[in-house]
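Step one of this worksheet: look at the structure below.
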Amino acid sequence: QVQLVESGGGLVQPGGSLRLSCTVSGSSFSGYVMAWHRQAPGKERELVAVITSGGTTSYADSVKGRFTISRDAAKNTMYLQMNGLKPEDTAVYYCRGDHWAKGSYWGQGTQVTVSS
Numbered sequence: 021q022v023q024l025v026e027s028g029g030g031l032v033q034p035g036g037s038l039r040l041s042c043t044v045s046g047s048s049f050s051g052y053v054m055a056w057h058r059q060a061p062g063k064e065r066e067l068v069a070v071i072t073s074g075g076t077t078s079y080a081d082s083v084k085g086r087f088t089i090s091r092d093a094a095k096n097t098m099y100l101q102m103n104g105l106k107p108e109d110t111a112v113y114y115c116r117g118d119h120w121a122k123g124s125y126w127g128q129g130t131q132v133t134v135s136s
C-alpha cells in the first residue's frame, strides 16, 4: 500500500531553518500532486504549500518568501525548506499526496517547534 513518511522536524530558534522531507513508498511518485499542511494546537489544519507533478508551486500567504516546496522524482521524495522560522510556524506538519486514480494519502506528521 501507499505510505508517506515525513522526517526533519525538530526544535529551532526563531529565525532558524529546517528542511522537512516526505518520502512516498508503495507507488511511483509520478502523477501525484503533493502538499504540506500543518496543524497548530487548538487550530484547524491548514494548507502550507502545494507542488504539482509538473513542478508548479503555490504557497499560503503566511509562508511566501520564507518556505520553498520541491520534489525529487528519482528519490520519490518531497521537501519543504523553511527559512526565517517564526514561533507561529510551530505545528505538526503533514504531507499529503493526491492522485487522480490512486486516491489521497497522508503522512503521520512531524513536529516543528520554533522557540527560544
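Residues 21 to 136 in the working numbering are what the sequence shown spells out, letter by letter.
For every residue, glycine included, the Cβ atom is placed at its ideal position computed from N, Cα and C.
In this text the structure is predicted, and so the values were computed from the model without any measurement.
Which term fits L40, buried or exposed, when burial requires 16 or more other beta carbons within 10 angstroms of its beta carbon? For the purposes of this step, residue 40 is taken as residue 20 along the sequence shown, with counting starting at 1. Counting Cβ neighbours within 10 Å, L40 comes out buried, since at least 16 surround it.
For V83 and A60, believed in contact at Cβ under 8 Å, the rounded distance: Counting from 1 along the sequence shown, the entry for residue 60 is found at position 40. Counting from 1 along the sequence shown, the entry for residue 83 is found at position 63. The pair is not a contact, with the Cβ atoms about 13 Å apart (cut-off 8 Å).
Close-in-space but distant-in-sequence residues of the same chain around Q21 (CB under 7 Å, 5 per side omitted): Position 1 of the sequence shown, counting from 1, holds the residue named residue 21. Within the same chain, Q21 has close Cβ partners G46.
Among R58, S124 and R91, which residue has its Cα nearest to the Cα of T133? Working through the sequence shown from its first residue, we reach residue 133 at position 113. Here the closest residue by C-alpha is R58.
Residues in its own chain within less than 6 Å of I89 by CB, not counting five upstream and five downstream? Here residue 89 refers to the residue found at position 69 of the sequence shown. Taken in chain order, the residues that qualify are A69, I71, T77 and L100.
Where does G104 land, buried or exposed, given buried means 16+ other C-beta within 10 angstroms? In the sequence shown, residue 104 corresponds to position 84, counting from 1. By the neighbour-count criterion, in which a residue is buried when 16 or more other Cβ atoms sit within 10 angstroms of its Cβ, G104 is exposed.
Would you kindly check if the distance between the Cβ of Y114 and the Cβ of G123 is under 8 Å? Position 103 of the sequence shown, counting from 1, holds the residue named residue 123. Position 94 of the sequence shown, counting from 1, holds the residue named residue 114. Not in contact: G123 and Y114 (Cβ atoms no closer than 8 Å).
Is the Cβ-Cβ distance between S27 and Y52 less than 8 Å? Taking the sequence shown and counting its residues from 1, one reaches residue 27 at position 7. Taking the sequence shown and counting its residues from 1, one reaches residue 52 at position 32. A distance of 8 Å or more separates the beta carbons of S27 and Y52.
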